[in-house]
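Note sheet for the following structure.
Residue numbers (UniProt numbering): 1 to 61.
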């Protein structure tokens with residue numbers, strides 16, 4: 001959680017973009033590009049503009 005805040009929420013706050021641009025939080029309807037890592041820190045999935053562009057395996061959430 002702290003890493004996400006450091007890498008996403010804090011930068012969005014610093015440019016006043018949280019509410020104006022709808023970035024910096026993971027919420028329905030907000031903009032987000034996400035990289036999901038597996039236990040070995042290898043890329044398991046990438047999501048850009050809500051579209052899964054890469055999916056190494058089906059993840060069990």
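The beta-carbon is built from N, C-alpha and C at its ideal position, and this holds for glycine as well.
Would you mind reading off the limits of the beta strand (DSSP E) that contains residue i?
i          : result
residue 44 : 43-48
residue 38 : Counting along the chain, residue 38 falls outside any beta strand (DSSP E), and DSSP gives it neither H nor E.
residue 53 : 51-55
Do residue j and residue i come within 7 Å of each other at the CB atom, strictly closer than that value?
i         : j          : result
residue 7 : residue 24 : no
Quick one: give me the first and last residue of the alpha helix (DSSP H) that residue i is part of.
i          : result
residue 10 : 10-14
Output the distance between the C-alpha atoms of residue i and residue j, rounded to the nearest integer angstrom.
i          : j          : result
residue 55 : residue 1  : 23 Å
residue 38 : residue 44 : 6 Å
residue 57 : residue 9  : 28 Å
residue 14 : residue 40 : 32 Å
| message | Measuring CB atoms only, is the region 12-29 touching the region 39-52, in the sense that at least three cross pairs come out at less than 8 Å? | response | no
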